[in-house]
Amino acid sequence: MGKGGAETFMMNAYRNIDRSKFQFDFLIYNDFIDVKPYNLEIHELGGHIYAVPNPKKNIFGYIKGVNALLKEKQFDIVHNEVFFGGGLNLLLAKRAGIEKRIIHSHATKDGKKSNLFLTIARKFFDQLMKVNATDYLACSTEAGIGLYGENQPFIFVPNGIDIDMYRNVPVKKEFIRESLNIPKEAFVVGNIGRFEEQKNHFFLIDIFEEIVQKNSNSFLILIGEGSLRNKIEEKVLSKKLQKKVLFLGIRDDIPNLLTAMDAFVMPSLYEGLPISAVEAQAANIKLILSTEVSSETKLSKNVHFIKLEESAEKWAEIILKKPYGNDPLPELSQYDMKYTAMLLDKIYSK
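Residue numbers (UniProt numbering): 1 to 350.
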């Protein structure tokens, strides 16, 4: 199973919920069966992982696989975290007699490139989700309205994290930088996210190029994987930034890596309320986000928004001129995973 925002949310919930009351099994696409950041932990916690064909590649195989699994396992709850195919999940769950069918919005839109067929298909699947769900959740107001519209009530469920992990990092900043071969006095920019169109890494590289021109002792840390990684690496090479940009892949030491950063930069094309931005605020570093990221992401004074229409040079200027001192730690108790797990317990128990 992958390590994107929705997956991280569900794993945080799984770790913190009362597993004597609720046990989680996970349904993923065959494409991701060998992506294993969470697989071992899921099994250790008592869960199972099931794989079905990707509906974009084999819709009939997908329906057959999901239908067979739901009928065989007779789950009490289906908690749906996907857009495309999610409507089928809930329809099949309803037909299988599963009474609680949850839809959970994590983004303001799906953002995929489209044509007429895909546009119609997405609207169809959106409607399937809405009419077959019993409970409607969202990580932010914008994410809820973006999927459900203005008239459908929904429950706000924060993207909770283990705040203490980010507040009490046992390793000092300079040692983390040394392990990455980054000079102690360097200016370090970071980003956590899948290498996909939504995250806008190509523009981030343009921004970083401008940062380096203004401060040659700068480095960029990129954490994540995705289909566009090779193309982004090619862009880094074309700009001769390969000694300045670190591609770290999927990591399990995010609190340490955030400690190494001066600024967390997210020029995304759209976001709901990204977990990585909550993590960065818990780590008490500065965040510079595009205005396409939900305004509800601003949980502390450390968050600053910039329009995507602004030039890369303007972004670089703003990133570099922001004060980088030790601000008071923000109050984030609402985003503690224990609180989120308590909300899910109530929702699951209704």
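Beta carbons are placed, not taken as given, at the ideal position from N, Cα and C, and that holds for glycine.
In this text, all values refer to a predicted model and were calculated from it rather than measured experimentally.
Inter-segment contact for the region 255-275 and the region 4-21 is present: three or more beta-carbon pairs are separated by less than 8 Å. For Ser238, the enclosing alpha helix (DSSP H) covers residues Arg229 to Ser238. A residue is called buried when at least 16 other Cβ atoms come within 10 angstroms of its Cβ; Leu220 meets this threshold and is buried.
Beta-bridge pairing by DSSP links Leu289 to Met266 and Phe305. A Cβ-Cβ contact shorter than 8 Å links Val78 with Ile98. Across the structure, Asp135 and Ile103 are spaced so that their CA atoms are roughly 6 Å apart. In this structure, Lys239 lies near Glu209, with their beta-carbon atoms less than 8 Å apart. When the Cα atoms are used, Gly226 and Gln74 turn out to be separated by approximately 34 Å. Straight across, the Cα-Cα distance linking Asn30 with Met10 is about 19 Å. With contacts defined as CB atoms closer than 8 Å, Met266 and Leu289 qualify as a contacting pair. The three-state secondary structure of Ala51, taken from DSSP, is strand.
In this structure, Val157 lies near Leu343, with their beta-carbon atoms less than 8 Å apart. Short of 7 Å from the beta carbon of Gln242, and not among the five residues preceding or following it, lie these beta carbons of its own chain, in chain order: Val236. Here Gln334 is exposed. Its C-beta has fewer than 16 other C-beta atoms within 10 Å. Between Ile205 and Ile232, the gap from beta carbon to beta carbon is short of 8 Å. Rounded to whole angstroms, the Cβ separation of Glu196 and Leu228 is 6 Å, and the two are in contact under 8 Å. Scanning Asn12, Lys21 and Ala13 for the CA closest to the CA of Lys350 turns up Lys21.
Shown here, His201 sits in a helix according to DSSP, grouped into three states. In the DSSP annotation of this structure, Gly149 is not part of any beta strand (DSSP E), being labelled neither H nor E.
For Cys139, the closest of Phe247, Glu296 and Lys338 by C-alpha to C-alpha distance is Glu296.
The alpha-carbon of Leu308 is positioned some 43 Å away from that of Leu70. Put simply, the backbone Cα of Pro153 is about 19 Å away from that of Val82.
In the structure shown, Gly61 adopts helical secondary structure according to DSSP, grouped into three states. Rounded to the nearest whole angstrom, the C-alpha separation of Ile176 and Ala107 is 32 Å.
Per DSSP, reduced to three states, the secondary structure at Ile77 is strand. As the crow flies, the alpha-carbon of Gly61 is around 8 Å from that of Pro55. Sequence-distant Cβ neighbours of Asn16 in its own chain, meaning closer than 6 Å and more than five residues away, are Met337, Lys338 and Ala341. Excluding the 5 residues flanking it on each side, Phe305 has same chain C-beta neighbours closer than 6 Å at Leu289 and Thr291, in chain order. Considering only Gln213, Asn217, Ile28 and Gly46, the residue with the shortest C-alpha distance to Tyr14 is Gly46.
Taking the C-beta atoms as reference points, Ile192 is found nearer than 8 Å to Ile254. Between the alpha carbons of Arg101 and Gly249 lies a gap of roughly 34 Å.
It is roughly 42 Å from the alpha-carbon of Leu147 to the alpha-carbon of Ser179. In this model, Gly190 and Phe202 are separated by some 14 Å (Cα to Cα). Where Phe24 is concerned, there is no enclosing beta strand (DSSP E), because DSSP gives it neither an H nor an E.
According to the DSSP assignment, Asp135 belongs to the beta strand (DSSP E) that extends over Asp135 to Ala138. By the neighbour-count definition (other C-beta atoms within 10 Å, threshold 16), Glu185 is an exposed residue.
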